[in-house]
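Scroll down for the structure; my scribbles are underneath it.
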Amino acid sequence: MNTREPGYDPIELTYKIEKEVVLGNARRYYRFRPARFYGGIATGDVVGCNLRCVFCWTRIPRDNLRVGSFYTPQEAWNRLRSIAEQHGYRFLRLSGGEPTIGFQHLVELLELVEADGRYTFILETNGILLGAHPEYVRKLAQFTCVHVRVSIKACSEEMFHKVTGAKPSSFQYQLLALKHLADYGVSHHPAIVLGFGDENCYKTLVERIKEVDPDAVEHLEPEVIVLYPHVEKRLKAAGIWPRLAYTPSGKLVKAKEKG
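With our numbering applied, the sequence shown closes on residue 400, and no number is skipped along the way.
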């Protein structure tokens, strides 16, 4: 990676975050909750992320690594299972931060989900660590309970740097994650954050995805950000505004409707 590039290295940032949010096989969480997505899903919100997306819906738990409490895989499983049983859910996930940070915790949690046999675990990730560490993907391939959703944060290296602050070359890890998942036969699909780039940029991105993971283009998920007050504040401070977004009430708005 070019050391003269602008921005931070998300891999290096991961190591710093792990020192604060990982303790043995335990991982720091800030809450467990039921959520409406996927038709209903038990969710554990983890602390810490290795990207700094300007449109991130998470506030304090992304940047303050001391919030929340440590949970072992067994303790996290107990909380997720209890929520799922109470609400009749069949899906589980980790959200809030980046769930592949503290990877051993994730693996041990997946072992418990797999042994139970009742649930599908949706691994929502930015793909950075899966792209940088193919051995992580090889480990995921051992599980039948997991489906990976890779959130592609931008349509190009330049835009990736603009919306995350990370080094432009780090964008490659997101595409490599798709390649590794396809190579190891792990169930997955990409979600593309829309609104930050023109039509040609997104067309080029789809072609790049097709090159590394041909089947993935049949399962692309559009991801539109939500303009929560803290998100709107961040966007304005950065001088960035999406071409389309949802209001917290669910209304789709275009850039010309700003304000």
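For each residue, glycine too, the CB sits at the ideal point set by N, CA and C.
query	result
So, does the segment 269 to 282 touch the segment 311 to 331, judging by three or more C-beta pairs under 8 angstroms?	yes
Any idea what DSSP makes of G180, helix, strand or coil?	helix
For R384, collect the residues of the same chain with a Cβ closer than 7 angstroms to its Cβ; drop the 5 residues on either side in sequence, then sort them by chain order.	G336, K395, A396
How would you write the range of the alpha helix (DSSP H) that I152 sits in, first residue to last?	151 to 162
Using the Cβ count rule (16 or more neighbours within 10 Å means buried), how would you classify S390?	exposed
Could you check where the beta strand (DSSP E) with K395 kicks off and where it finishes?	393 to 395
Given this structure, state the Cα-to-Cα distance separating C286 from E159, to the nearest angstrom.	25 angstroms
Within 10 angstroms of the Cβ of T388, are there 16 or more other Cβ atoms? Answer buried if so, exposed if not.	exposed
Nearest by alpha-carbon distance to S236: which of Q227, L253, A217 is it?	A217
What does the alpha-carbon distance come out to for the pair R169 and G185?	10 angstroms
Candidates G306, V187, G181: which alpha carbon is nearest E226's?	G181
Helix, strand or coil for I224, going by three-state DSSP, please let me know.	helix
Whole angstroms are fine: how far does the CA of L264 sit from the CA of D150?	23 angstroms
How about A332 and V291: are their beta carbons less than 8 angstroms apart?	yes
State the Cα-Cα distance for the pair E398 and V358, rounded to the nearest angstrom.	The predicted model places E398 with a pLDDT of 43, which falls under 50 and marks its position as unreliable, so this point remains unresolved.
Only counting the same chain, and skipping five residues up and downstream in sequence, which positions put a Cβ closer than 8 angstroms to that of T266?	E239, P240, T241, V289, R290, V291, S292, A318
Would you identify the three-state DSSP class for I293, choosing helix, strand or coil?	strand
Using a 10 Å radius around the Cβ and a threshold of 16 neighbouring Cβ atoms, would you call F178 buried or exposed?	exposed
Using DSSP's beta-bridge definition, name the partner residues of L385.	K395
Using the C-alpha atoms, what's the distance from T213 back to G229?	24 angstroms
Under a Cβ-count criterion, where at least 16 other Cβ atoms within 10 Å of its own Cβ denotes burial, should L233 be classed as buried or exposed?	buried
Can you look up V188 in the DSSP assignment and give me helix, strand or coil?	coil
Looking at the C-beta of C190, does it have a partner C-beta in chain B at a distance below 8 angstroms?	In summary, chain B is missing from the structure at hand, where a single protein chain is found.
Give me, in chain order, the residues of the same chain whose beta-carbon lies closer than 7 angstroms to that of C342; leave out the 5 immediate sequence neighbours on both sides.	C296, S297, M300
Do you know offhand how far L393's Cα is from A386's?	6 angstroms
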